[in-house]
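A quick write-up on the structure given underneath.
2 protein chains.
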Amino acid sequence: MTEAMLVVSALDAAGYRLTGPRRALATVMAEMDGPFTAARVAGEAHDRGIRVGRATVFRTIDALERAGAIERIDLPSGEHAYVACAPAHHHHVVCSACGHTAEVADGALVALVTEIGRRTGFRIDEHRLELFGRCPSCVRAAGEGRG
Amino acid sequence: MTEAMLVVSALDAAGYRLTGPRRALATVMAEMDGPFTAARVAGEAHDRGIRVGRATVFRTIDALERAGAIERIDLPSGEHAYVACAPAHHHHVVCSACGHTAEVADGALVALVTEIGRRTGFRIDEHRLELFGRCPSCVRAAGEGRG
DNA sequence: CATCAAGTGAGACTGTGTATCATCTTGCCA
DNA sequence: TGGCAAGATGATACACAGTCTCACTTGATG
Ligand SMILES: [Mn+2]
Ligand SMILES: [Mn+2]
Ligand SMILES: [Zn+2]
Ligand SMILES: [Zn+2]
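Chains as they are written, first to last, in this note's numbering: chain A, 1 to 147; chain B, 1 to 147.
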């Protein structure tokens, strides 16, 4: 609930109009558990009786991404997923079993990126670190299975 | 030339058959300058008079990726591109102006990933670092423009 | 060579994302 | 409070990425 409002206010702050479809979709996305694809948002919206065009789903994802309220994750499968998250720069660990994510602060990575820039001679202005594995609870569940 | 042979032998080592289409496409990919999309491989092959089905391009990219001879890069635009590269684990810096890439050894990143695993409780088994910016020669070119 | 599992190409098909355009809404202001 | 222009919407058509099927071909192996 308050999560959806954060998403909506990010839209507002970025100068986008606060429309019905955007509010509804922001709520759907904020309540999603783990990364979601455009198709899943459209499906979930449909299931809740929210009647919104497919193009609007893509446009809203686009607007939210530009507003910094959601972020794209390129899954190893090639799919594009998104997660609602803080507007500050950070990265994500994604559980490949249940989809839960955790945010990871940039921390030591900035120094590493600087060093890579120095060594390669590239002027690096964008980087992306994505981590995949099992979240604590899925690790625990798997352990029990064989324990 | 020898680059293409490396790609072909990686295929061989992974137990794939060495067919005409695969050799031809491996050559095309090895000679590509910077990351290439499936569509660009198909286009380039066509331009060289190599008659090969579109499905085969996708299947060959797939086989080469599994063989470790090429690697996918998720461009910020959302496109999927590939680069021919060494089979050892590493990452890429991509020039967003000219497309040139440089390989970056994992180095200090492994420790960082371990630390992230410890802090988040995730058992991380895959990570991906992608860096985008300007290569040395594009930086130089831009500098001259205003010098 | 003969054999046959693996690979190929044509083409249909699914899915993602974009373009168009007539219609509707929002934010703003008189 | 109503009027309006810019911006947003949705229906639909479209462009493109990637997969699937299936009849046919080819490479590796002996
Ligand atoms: Mn995030
Ligand atoms: Mn590589
Ligand atoms: Zn999990
Ligand atoms: Zn460059």
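Heads up, the beta-carbon is just placed ideally off N, CA and C, and yes, glycines get one too.
Handout entry: Pick from A:P35, A:V41, A:E3, A:T37 that is closest to A:P21, judged by C-alpha positions
Key = Sequence index remark: in the first sequence, residue 21 of chain A carries index 21 (1-based). Ranking the options by Cα distance to A:P21, first place goes to A:V41.
Exercise for the section: On a CA-only basis, which of A:F58, A:G68, A:L25 is nearest A:R48? Give me that one, please. Expected result: Locating residue 48 of chain A in the first sequence gives position 48, where the first residue counts as 1. The residue with the shortest Cα to Cα distance from A:R48 is A:L25.
Problem - Residue burial classification, B:M5 (beta-carbon count within 10 angstroms, cutoff 16) - result: The residue you call residue 5 of chain B lines up with position 5 of the second sequence. When all chains shown are included, B:M5 counts as exposed.
Handout entry: Cβ neighbour criterion (16 or more within 10 Å) applied to B:G15
Key = Locating residue 15 of chain B in the second sequence gives position 15, counting from the first residue. Under this definition B:G15 is an exposed residue.
Problem - Limits of the alpha helix (DSSP H) - the one that A:D62 falls within - result: Within the first sequence, the letter at position 62 stands for residue 62 of chain A. That run of the alpha helix (DSSP H) goes 54 to 67.
Practice task
Measure the CB-CB distance between A:T37 and A:A84 and report whether it falls below 8 angstroms.
Solution key: Position 37 of the first sequence, counted from the start, is the residue given in the question as residue 37 of chain A. Position 84 of the first sequence, counted from the start, is the residue given in the question as residue 84 of chain A. Contact flag unset, no.
Practice task
For A:R59, decide whether its Cβ has a neighbour in chain B, counting only Cβ atoms nearer than 8 angstroms.
Solution key: The sequence position of residue 59 of chain A within the first sequence is 59, counting from 1. Chain B contact via Cβ: absent.
Exercise for the section: Assess, as a yes-or-no matter, whether the stretch 109 to 121 of chain B is touched by the stretch 72 to 81 of chain B under the definition of 3 or more beta carbon pairs within less than 8 angstroms. Expected result: no
Exercise for the section: Give a yes or no on whether the C-beta atoms belonging to A:R123 and B:G133 are separated by under 8 angstroms. Expected result: Position 123 of the first sequence, counted from the start, is the residue given in the question as residue 123 of chain A. Position 133 of the second sequence, counted from the start, is the residue given in the question as residue 133 of chain B. In this structure, B:G133 lies closer than 8 angstroms to A:R123 by Cβ.
Problem - Beta-carbon contacts of B:L129 that lie in its chain and below 7 angstroms, excluding the five residues immediately before and after - result: Working through the second sequence from its first residue, we reach residue 129 of chain B at position 129. The beta carbon of B:L129 is closer than 7 angstroms to those of H91, L109 in its chain, skipping five residues each way along the sequence.
Problem - is_contact[B:D125, chain A] using C-beta, thresh 8 angstroms - result: Counting from 1 along the second sequence, the entry for residue 125 of chain B is found at position 125. Output row for B:D125: interface = yes.
Practice task
Could you tell me which chain A residues have their CB closer than 9 angstroms to the CB of B:E130, listed as they occur along the chain?
Solution key: Locating residue 130 of chain B in the second sequence gives position 130, where the first residue counts as 1. Those within 9 angstroms of B:E130 in chain A are D74, E126, H127, R128, L129, E130.
Problem - A:G121 at chain B interface by Cβ criterion, 8 angstroms - result: Within the first sequence, the letter at position 121 stands for residue 121 of chain A. So yes, A:G121 belongs to the interface.
Exercise for the section: Kindly list the residues whose CB is nearer than 6 angstroms to the CB of B:L64, restricted to its own chain and excluding five residues on each side of it in sequence; keep chain order. Expected result: Sequence index remark: in the second sequence, residue 64 of chain B carries index 64 (1-based). So the list reads I70, once near-sequence residues are dropped.
Practice task
Whole angstroms is fine: what's the gap from A:E144's alpha carbon to A:P136's?
Solution key: By 1-based counting over the first sequence, the position of residue 144 of chain A is 144. By 1-based counting over the first sequence, the position of residue 136 of chain A is 136. Put simply, the backbone Cα of A:E144 is about 12 angstroms away from that of A:P136.
Problem - Check your reading: residues with Cβ closer than 6 angstroms to ligand 4 heavy atoms - result: B:C95, B:A97, B:C98, B:H100, B:R134, B:C135, B:S137, B:C138
Problem - Pick from B:V57, B:S96, B:R51 that is closest to B:I73, judged by C-alpha positions - result: What you label residue 73 of chain B is simply residue 73 of the second sequence in a count that begins at 1. Cα-wise, what sits closest to B:I73 is B:S96.
Exercise for the section: Report the option in A:H100, A:G107, A:G99 whose CA atom is closest to the CA atom of A:H89. Expected result: Position 89 of the first sequence, counted from the first residue, corresponds to residue 89 of chain A. Of A:H100, A:G107, A:G99, the residue nearest in Cα terms is A:G107.
Problem - Neighbour list for A:I116 in chain B, Cβ cutoff strictly below 7 angstroms - result: Numbered from 1 along the first sequence, position 116 holds the residue referred to as residue 116 of chain A. Neighbours of A:I116 on chain B, chain order: V93, V104, L131.
Handout entry: Sequence ranges, alpha helix (DSSP H) only - wholly within the stretch 78 to 134 of chain B, length at least 4
Key = 109 to 120
Practice task
Could you work out which residue in A:A55, A:T60, A:E31, A:R140 is closest to A:L18 when comparing CA atoms only?
Solution key: Taking the first residue of the first sequence as 1, we reach residue 18 of chain A at position 18. Among A:A55, A:T60, A:E31, A:R140, the Cα nearest to that of A:L18 belongs to A:T60.
Problem - Opposing strand residues paired with B:I73 [DSSP bridges] - result: Taking the second sequence and counting its residues from 1, the one referred to as residue 73 of chain B is at position 73. Bridge partners of B:I73: B:A81.
Handout entry: For B:V52 and A:A10, the rounded distance between their alpha carbons
Key = Taking the first sequence and counting its residues from 1, one reaches residue 10 of chain A at position 10. Taking the second sequence and counting its residues from 1, one reaches residue 52 of chain B at position 52. About 48 angstroms.
Practice task
Count the other CB atoms, across all protein chains shown, that sit within 10 Å of the CB of A:H127; report buried if there are 16 or more and exposed otherwise.
Solution key: Along the first sequence, one-based indexing puts residue 127 of chain A at 127. A:H127 comes out buried.
Practice task
Using 10 angstroms around the beta-carbon of A:D12, count the other beta-carbons present and answer buried if the total reaches 16, otherwise exposed.
Solution key: To locate residue 12 of chain A, count along the first sequence from 1; it is residue 12. Here A:D12 is exposed. Its C-beta has fewer than 16 other C-beta atoms within 10 Å.
Problem - Residue burial classification, A:T27 (beta-carbon count within 10 angstroms, cutoff 16) - result: In the first sequence, counting from the first residue as 1, residue 27 of chain A sits at position 27. Counting the other Cβ atoms within 10 Å of the Cβ of A:T27 gives 16 or more, which makes it buried.
Problem - Alpha-carbon spacing of A:A102 relative to A:V93, whole angstroms - result: If you number the first sequence from 1, residue 102 of chain A lands on position 102. If you number the first sequence from 1, residue 93 of chain A lands on position 93. Between A:A102 and A:V93, the C-alpha separation is close to 5 angstroms.
Handout entry: Beta-carbon proximity of A:M32 to A:V7, cut-off 8 angstroms
Key = Taking the first residue of the first sequence as 1, we reach residue 32 of chain A at position 32. Taking the first residue of the first sequence as 1, we reach residue 7 of chain A at position 7. For A:M32 and A:V7, no; Cβs fall outside 8 angstroms.
Problem - Expected contact under 8 angstroms - CB spacing of B:G99 and B:G34 to nearest Å - result: Position 99 of the second sequence, counted from the start, is the residue given in the question as residue 99 of chain B. Position 34 of the second sequence, counted from the start, is the residue given in the question as residue 34 of chain B. Contact holds; Cβ gap of about 3 angstroms.
Exercise for the section: State the Cα-Cα distance for the pair B:A39 and A:V139, rounded to the nearest angstrom. Expected result: Translated into the one-based positions of the second sequence, residue 39 of chain B becomes position 39. Translated into the one-based positions of the first sequence, residue 139 of chain A becomes position 139. If I take the Cα positions, the gap works out to 40 angstroms.
Exercise for the section: Might you give, ordered along the chain, the residues of its own chain that have their beta carbon closer than 8 angstroms to the beta carbon of B:A86, omitting 5 neighbours on each side? Expected result: Translated into positions along the second sequence, residue 86 of chain B becomes position 86. Closer than 8 angstroms at Cβ, skipping near neighbours: E103.
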